[in-house]
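Enquirer: Going by numbering that gives the first Met the number 0, the letters in the sequence shown line up with residues 0 to 372, in that order.
Glycine included, C-beta positions come from ideal geometry on N, C-alpha and C.
All of these numbers come straight from a predicted model, not from anything done at the bench.
Input: one structure, supplied below.
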Amino acid sequence: MNRVPAVVVVAYDRPASLDRLLCSLQSAQYNVTDIPLLISLDGGANSEVIQAAEDFEWNNGEKKVITHQENLGLKAHVMSCGRLTKDYGAVIVLEDDLVVSPVYYQYAVEALTYCEDDQSIAGISLFSYHIKEFKHLPFIPLEDGADNYFLQVPSSWGQIWTESQWADFENWMDQKVNYDSVRVPTPVAKWSDQSWKKDFIYYLVDQHKFFFYPRVSFTTNFGDAGVNHKGEFARYQVPISLGKRSFQFQKLSESISKYDVFFEWLGLTEKEYQGLEFDLYGEKPSFLAETQLVLTTRKVKNAIATFQATMLPLEANYLQKVEGQGINLARKEDVILSKRPMSPEIHERLVGQYSKQRHWIQYLYTLMSELGL
0 MNRVPAVVVV AYDRPASLDR LLCSLQSAQY NVTDIPLLIS LDGGANSEVI QAAEDFEWNN
60 GEKKVITHQE NLGLKAHVMS CGRLTKDYGA VIVLEDDLVV SPVYYQYAVE ALTYCEDDQS
120 IAGISLFSYH IKEFKHLPFI PLEDGADNYF LQVPSSWGQI WTESQWADFE NWMDQKVNYD
180 SVRVPTPVAK WSDQSWKKDF IYYLVDQHKF FFYPRVSFTT NFGDAGVNHK GEFARYQVPI
240 SLGKRSFQFQ KLSESISKYD VFFEWLGLTE KEYQGLEFDL YGEKPSFLAE TQLVLTTRKV
300 KNAIATFQAT MLPLEANYLQ KVEGQGINLA RKEDVILSKR PMSPEIHERL VGQYSKQRHW
360 IQYLYTLMSE LGL
């Protein structure tokens, strides 16, 4: 594998965003030389974007501007960037509304070296989640002493692929797997088929693979208006690492900080826990065939044990055996899937404020009382 991954910037019609990203790339620290920079412009790119790409001076190696003749759209554009792994061995893909940490490249090289022989890893993220995607509640991976955690969700805000990782994904795509047989969060299933990330999520779940995530982020997302959203939000703005560090990574087989596509914990590896599934966000539409017990914030017909929902992350309440109410341990057939998944009180605890959910529920109860219902 090439120890000098190419940097690939994906751009189309956001000149200010591109300038901001390129500036952060230029000011970052590099401990290797001859780093290829490829700026990939989709067909019909904004003239200011083209000018910014052409004028940018890259002091760390060869710069190449790739100008696509036709408009590919974001999915096909990112897929074309993934295929550059065949030419460069490994690529760091950055959409233009990102900014990189000054030490992002050090992390990229060291993470690639650490993961290169692990077939369970389908990619490496530079971004680190603070908020659970699909439901927008806080996400706090368990602290296990390592500088990384594992998640069955691909990164789209700074991702690294090797040639073999990308080839495995495209080979899987060619198999035309029936998506209906793969369990993913409901919002993901409803995403447009023009989302490369949707395909990659199904791939991770179907093949039991993971993305390797840093505990401290090396990119942050400005959420500028673009193809997929209207912009003007800072939901995925996170602190980035500003100084050099000595990394202590951990393999998937060793880690207790690993999470499924629902951002639910998978860290219990002992044989006696193999039939236990976590549903603490109350989002799963069904449970796995091998599941016998479920730990959930949903209502249940009969609880075997109950725990408080006070410690964060929520799974810590089970690990520390914090007895109380809020989290139920029950047989999977006793979980009431049709009920509202998470109580307003737990929701408030997660978001740290009086929730809109509780406001409207309380309003509805008051209105029903006044109407004598």
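Of the choices K300, I239, N316, D86, whose alpha-carbon is the least far from that of W264?
Expert: Here residue 264 is taken as the residue at index 265 of the sequence shown, counted from 1. Comparing Cα-Cα distances from W264 to each of K300, I239, N316, D86, the minimum goes to N316.
Enquirer: How close, in whole Å, do the beta carbons of G72 and I34 come, if the pair is a contact with beta carbons under 8 Å?
Expert: Indexing the sequence shown from 1 puts residue 72 at position 73. Indexing the sequence shown from 1 puts residue 34 at position 35. About 28 Å; that fails the 8 Å criterion.
Enquirer: Please state whether DSSP places W165 in a helix, a strand or coil.
Expert: Locating residue 165 in the sequence shown gives position 166, where the first residue counts as 1. Note: W165 maps to helix in three-state DSSP.
Enquirer: Using 8 Å as the threshold, is the segment 41 to 61 in touch with the segment 130 to 139, meaning 3 or more CB pairs across them?
Expert: no
Enquirer: By Cβ distance below 7 Å, which residues in the same chain neighbour P238 in space, the five residues on each side in sequence not counted?
Expert: On the sequence shown, position 239 is the one that residue 238 refers to. Here the set comprises S216.
Enquirer: Any idea what DSSP makes of T84, helix, strand or coil?
Expert: As a first step, residue 84 is located in the sequence shown; it is residue number 85 there, counting from the start. In this structure, T84 counts as helix in the three-state DSSP scheme.
Enquirer: Measuring CB to CB, does L97 end up less than 9 Å from W171?
Expert: Along the sequence shown, one-based indexing puts residue 97 at 98. Along the sequence shown, one-based indexing puts residue 171 at 172. Taking 9 Å as the Cβ cut-off, L97 and W171 do not qualify as a contacting pair.
Enquirer: Spell out the partners DSSP gives I91 in its beta bridges.
Expert: Within the sequence shown, residue 91 is the residue found at index 92, counting from 1. Paired residue(s): V6, I159.
Enquirer: Considering Cα atoms alone, identify which of F248, E347, P14 is closest to L111.
Expert: In the sequence shown, residue 111 corresponds to position 112, counting from 1. Here the closest residue by C-alpha is F248.
Enquirer: Determine the closest residue to I123 out of I49, N301, K208, V48, with distance taken between C-alpha atoms.
Expert: Counted from its first residue, the sequence shown places residue 123 at position 124. The shortest C-alpha separation from I123 is found at K208.
Enquirer: Cα separation between S16 and E94?
Expert: Here residue 16 is taken as the residue at index 17 of the sequence shown, counted from 1. Here residue 94 is taken as the residue at index 95 of the sequence shown, counted from 1. In a straight line, the C-alpha of S16 is about 9 Å away from that of E94.
Enquirer: Would you mind working out which of K300, K298, V321 sits nearest A308, comparing C-alpha positions?
Expert: Numbered from 1 along the sequence shown, position 309 holds the residue referred to as residue 308. For A308, the nearest C-alpha among the options comes from V321.
Enquirer: Spatial neighbours of Q319 within its chain, please: C-beta separation below 7 Å, excluding the five flanking residues on both sides.
Expert: Numbered from 1 along the sequence shown, position 320 holds the residue referred to as residue 319. Cβ within range, chain order: M310.
Enquirer: Using a Cβ-Cβ cutoff of less than 7 Å, which residues in the same chain neighbour D41 once the five nearest sequence positions on both sides are dropped?
Expert: Working through the sequence shown from its first residue, we reach residue 41 at position 42. Excluding sequence neighbours, D41 sits near Y11, H67, N70, L71, H76.
Enquirer: Can you find the residues in the same chain that come closer than 6 Å, C-beta to C-beta, to I91, ignoring five residues on each side of it along the sequence?
Expert: Translated into the one-based positions of the sequence shown, residue 91 becomes position 92. Excluding residues within five positions, the ones whose Cβ falls inside 6 Å are P4, V6, A107, I159.
Enquirer: Checking the sheet assignment: what are the DSSP bridge partners for N70?
Expert: Locating residue 70 in the sequence shown gives position 71, where the first residue counts as 1. For N70, DSSP assigns no beta-bridge partner whatsoever.
Enquirer: Could you tell me the alpha carbon to alpha carbon distance between Q291 and G144, rounded to whole angstroms?
Expert: As a working mapping, residue 291 is identified with position 292 in the sequence shown. As a working mapping, residue 144 is identified with position 145 in the sequence shown. Straight-line spacing of the CA atoms in Q291 and G144 works out to 30 Å.
Enquirer: Helix, strand or coil: which one does DSSP assign to A121?
Expert: Your numbering for residue 121 matches position 122 in the sequence shown. Three-state result, A121: strand.
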